Amino acid sequence: MTTKLINPSAMSYVDLLSYIEEVNRCPGGKRTINNIVSKSLLSDDAQVLEIGSNTGFTSIEIAKLKNCKVIGIDVNPQAVEKSMYLLSKEPKSIQDRVSFRVGDAANLNFDDNQFDLVVTGGANTFIPENDREKALSEYRRVLKPYGMLSVTNLFYHDTVPKEVLTNLRNVLGFEVKPWTKYYWLDLLLKSGLELYSYDETEMQARSSEVLNQFTSKLIDDSPALANFDDEVKSNFKDRWFEIMNVFNENHRYLSFMTVLLRNQYVTEQQELFLEKDTIDPWNLKGQFLWEVDK
Ligand SMILES: C[S@@+](CC[C@H](N)C(=O)[O-])C[C@H]1O[C@@H](n2cnc3c(N)ncnc32)[C@H](O)[C@@H]1O
């Protein structure tokens, strides 16, 4: 038994999840990934870049669905290290086509016109507000003509209590504003990419019982904690439950969008008559932020 003092409250959320090996998925998990791969009509030899790959779930899943090459980048070295380790457990046919490296969305270390698909799931909120336009221009730069950008992004479909946002800031270490879908759509369209398809889905909260069960099993099964004593494991359970509770409350007000944008080569003329409920990118109107409830 190891009794070395290790304090989960002193670790950042991304460091902690990489350490305990939580499988961090994009909103909608495999259902979303299947949707993206099907809709983006990827060819077998396609080159895919994932931004904010975290522990690698999305990149590895894409390589399971298509015979393409996938590079995942993340700004967090611990997450990249864990994704490499998890990749090493996959069959050679996957390992040969997937790689991970440390990289920053706002300064991509890749040539122009290199990728058929750039995927980003859940990472945009983590990128500082002032870097987001730069990041989007970088995604466009590395896309081939008519290549696709896929963005899976949480947004608030309703006003959210101030306490929920304060708790979220304390867990994530940065402020999350109550952005609506119009904030994200405006940001995405400013990149000059064409809105190709848009779907939105409402999230839901889970019961305390499910949160508890999930946390206990995750910590009991965590390879990194296998040699620690019960007191350390119990500290990890308390901290992870606390974090999951904050996310759970937040999910009552969240939906997510799955957006595909295409790297147009020739500018397209406005389309006038659109079917009902279609997002009209030429006449986009809506408030960017919800007022915060006390
Ligand atoms: C919620 S996780 C994304 C989950 C992942 N996309 C998936 O589908 O499994 C957000 C990730 O974005 C990363 N991130 C934050 N800022 C970044 C940046 N500027 N460039 C690249 N990655 C970044 C964080 O380190 C974190 O791992």
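Residue numbering for the sequence shown follows full-length UniProt numbering, beginning at 1 and increasing consecutively.
Glycine is no exception: its CB is placed at the ideal position from the N, C-alpha and C atoms.
Please read all numbers here as calculations on a predicted model, not as lab measurements.
Going by the beta-carbon positions, is the gap between residue i and residue j smaller than 7 angstroms?
| i | j | result |
| --- | --- | --- |
| Arg239 | Pro8 | yes |
| Leu225 | Lys217 | no |
| Lys64 | Gln47 | no |
| Ser53 | Ser99 | no |
| Glu200 | Met257 | yes |
| Thr55 | Asn34 | no |
| Ala106 | Ile51 | no |
| Pro161 | Asp44 | no |
| Gly173 | Ser38 | no |
| His157 | Ser255 | yes |
| Gly72 | Ser93 | no |
Which residue from the options puts its Cα closest to that of residue i?
| i | options | result |
| --- | --- | --- |
| Val164 | Val246, Ser38, Tyr198 | Val246 |
| Lys237 | Ala226, Glu202, Leu211, Ile219 | Ile219 |
| Asp112 | Lys144, Ile62, Leu16 | Lys144 |
| Glu249 | Lys285, Met203, Glu275, Asp74 | Met203 |
| Glu21 | Val80, Ile51, Tyr198 | Val80 |
| Val171 | Asn283, Ile243, Gln78, Ser88 | Ile243 |
| Pro91 | Glu61, Ile71, Gly103 | Glu61 |
| Phe57 | Leu42, Ser38, Ser88 | Ser88 |
| Val176 | Ser12, Ile127, Asn283, Leu274 | Ile127 |
| Thr198 | Leu17, Thr32, Ile6, Ala10 | Checking the sequence shown, residue 198 turns out to be Tyr, not Thr. Selected option, being the one with the closest Cα: Thr32. |
| Ile6 | Asp96, Glu231, Phe273 | Glu231 |
| Glu133 | Thr166, Asp74, Leu193, Asn167 | Leu193 |
Between which residues of its own chain and residue i is the CB-CB distance below 7 angstroms, once the five residues before and five after are set aside?
| i | result |
| --- | --- |
| Glu291 | Thr159 |
| Thr278 | none |
| Leu16 | Pro8 |
Rounded to the nearest angstrom, how far is the Cβ of residue i from that of residue j, given a contact under 8 angstroms?
| i | j | result |
| --- | --- | --- |
| Thr180 | Phe155 | 6 angstroms |
| Arg140 | Ser191 | 5 angstroms |
| Tyr146 | Tyr265 | 6 angstroms |
| Pro27 | Thr152 | 5 angstroms |
Identify, in the order they occur along the chain, each residue of the same chain with its Cβ nearer than 6 angstroms to the Cβ of residue i, setting aside the five sequence neighbours on each side.
| i | result |
| --- | --- |
| Ser150 | Ile36, Val119, Leu260 |
| Pro281 | Leu189, Leu195 |
| Met148 | Ser40, Leu117, Leu260, Arg262 |
| Tyr19 | Ala224 |
| Asn76 | Val14 |
| Arg252 | Ala205 |
| Val102 | Pro77, Val80 |
What does a CB cutoff of less than 8 angstroms around residue i pick up in its chain, not counting 5 residues either side in sequence?
| i | result |
| --- | --- |
| Val142 | Leu49, Leu108, Phe110, Asp111, Asp112, Asn113, Gln114, Phe115, Val118 |
| Phe288 | Trp179, Thr180, Tyr182, Tyr183, Asp186 |
| Thr215 | Lys237, Trp240, Phe241, Met244 |
| Glu271 | Trp282 |
| Ala135 | Ile51, Ala105, Ala106, Asn124, Ile127 |
| Asn67 | Asp44, Asp45, Arg97 |
Just reading off the alpha helix (DSSP H) that residue i is part of, what are its end residues?
| i | result |
| --- | --- |
| Thr166 | 162-172 |
| Tyr182 | 181-190 |
| Lys237 | 230-251 |
| Gln95 | 92-95 |
| Gly72 | That residue, Gly72, is in no alpha helix (DSSP H); its beta strand (DSSP E) goes 69-74. |
Tell me which residue opens and which closes the beta strand (DSSP E) that residue i is part of.
| i | result |
| --- | --- |
| Asn153 | 143-156 |
| Leu261 | 254-262 |
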